[in-house]
Amino acid sequence: MSGKVWLMVLFAMVVSIPVFAGDAQTAATAGEIVLKKYYMFVAMGAAIGLGLAAGGGGIGQGHAVNGTVLGTARNPGLSGKLLTIMMIGLAMIESLVIYMLVIVLIVLYTNPFHV
């Protein structure tokens, strides 16, 4: 990744911290402040993880389609087989992103501190 992309990711993370931060004066106990910070990091980690999974899946799907198009251009008679194999591959790549979405939803909606 280029330096500009890393700079944009860092900027987005720094800018999003106050959004998740709570008002410390309204918190009844120090435990609530700890929980708010915990959920802030969980939400940021989930968003970054899902973003990386979606980006990686998109890159993988692009490579798969590129290979299929090049293969079809070289041998048009195999286009049916290549299309079938590509669709199966795209479904598998997309399933990895969906698995990450499921993990993110589980992490976001699970409260380990709930008594």
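Under my numbering, the first residue of the sequence shown is numbered 1, with each subsequent residue one higher.
Every residue, glycine too, gets a C-beta built ideally from N, C-alpha and C.
Note that the coordinates shown come from a computational prediction; the quantities given were computed from them, not determined experimentally.
Under the three-state reduction of DSSP output, Asn-66 falls in the helix class. Met-40 has its alpha-carbon roughly 37 Å from the corresponding atom of Val-65. In the DSSP annotation of this structure, the continuous segment of the alpha helix (DSSP H) that includes Gly-80 starts and ends at 79–109. Counting only the Cα atoms, Lys-37 lies some 42 Å from Met-87.
Val-104 is not a Cβ neighbour of Ala-54, given a cutoff of 8 Å.
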